[in-house]
């Protein structure tokens with residue numbers, strides 16, 4: 003289970019996430035939908051510990067994130083075009 007509790011995140015003066023609370027149950031498939039700039043990627047990065055939250059906390063299977071032992075079992079790839087254009091043969 004993934005628990006997101008009162009998570010907020012700002013970059014300089016731009017508030018991106020404000021008091022986000024959501025739980026993801028095991029086996030559940032979830033889609034984050036919204037226009038560019040609404041915080042979807044930032045939320046995922048906070049869940050994975052790639053970004054520090056300004057407030058709130060995240061747990062995965064009751065373990066606080068970031069936690070390398072938990073994250074070794076999770077795969078993440080950003081936008082499909084965010085990496086491959088930079089690779090060469």
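In our numbering, the protein residues as written are 3 to 91.
Cβ coordinates follow ideal geometry from the N, Cα and C atoms, glycine included.
Bounds of the alpha helix (DSSP H) holding residue 46 are 42-50. By the C-beta density criterion, residue 34 is exposed, having fewer than 16 other C-beta atoms within 10 angstroms. Around the beta carbon of residue 18, 16 or more other beta carbons lie within 10 angstroms, which makes this residue buried. Under the three-state reduction of DSSP output, residue 73 falls in the helix class. Taking 8 Å as the cut-off, the Cβ atoms of residue 10 and residue 57 count as close. In this structure, the beta-carbon distance from residue 3 to residue 69 does not fall below 8 Å.
In this structure, the alpha-carbon of residue 60 lies about 36 Å from that of residue 90. When secondary structure is reduced to three states using DSSP, residue 35 falls in the coil class, being assigned neither helix nor strand.
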